[in-house]
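Participant: Numbering (this note's numbering), first residue to last: 812 to 905. By construction, the Cβ of each residue, glycine as well, lies at the ideal position given by its N, Cα and C atoms.
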């Protein structure tokens, strides 16, 4: 896996079709703009979950570790969090 982008795309970049030309057809008509209720909800969510800063040095170190094959994954911790997330989605406490 190769990581080349160092920042998240802006909202405009995430919502615009790719610059390569025609977008993929799904057979479903798309709306040209979000409805006002969707727009209002998006604004509420953006206020509720403000952009968080990240540690660029840590990202760089992790990128280097992945590239060098030194990055270790704790499979047990990943499994525990996955099960807790699934239980939360199912409405149960883990």
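Beta carbon of residue 888, beta carbon of residue 882: below 9 Å?
Facilitator: No, the pair does not count as a contact, with Cβ atoms beyond the cut-off.
Participant: If you run the structure through DSSP and keep just helix, strand and coil, what is residue 866?
Facilitator: Three-state result, residue 866: coil.
Participant: What residue does the alpha helix (DSSP H) around residue 852 start on, and which one ends it?
Facilitator: 847-859 is the span of the alpha helix (DSSP H), which, as asked, contains residue 852.
Participant: If we ignore side chains and look at the alpha-carbon of each, how far apart do residue 891 and residue 866 end up?
Facilitator: Approximately 25 Å between the Cα atoms of the pair.
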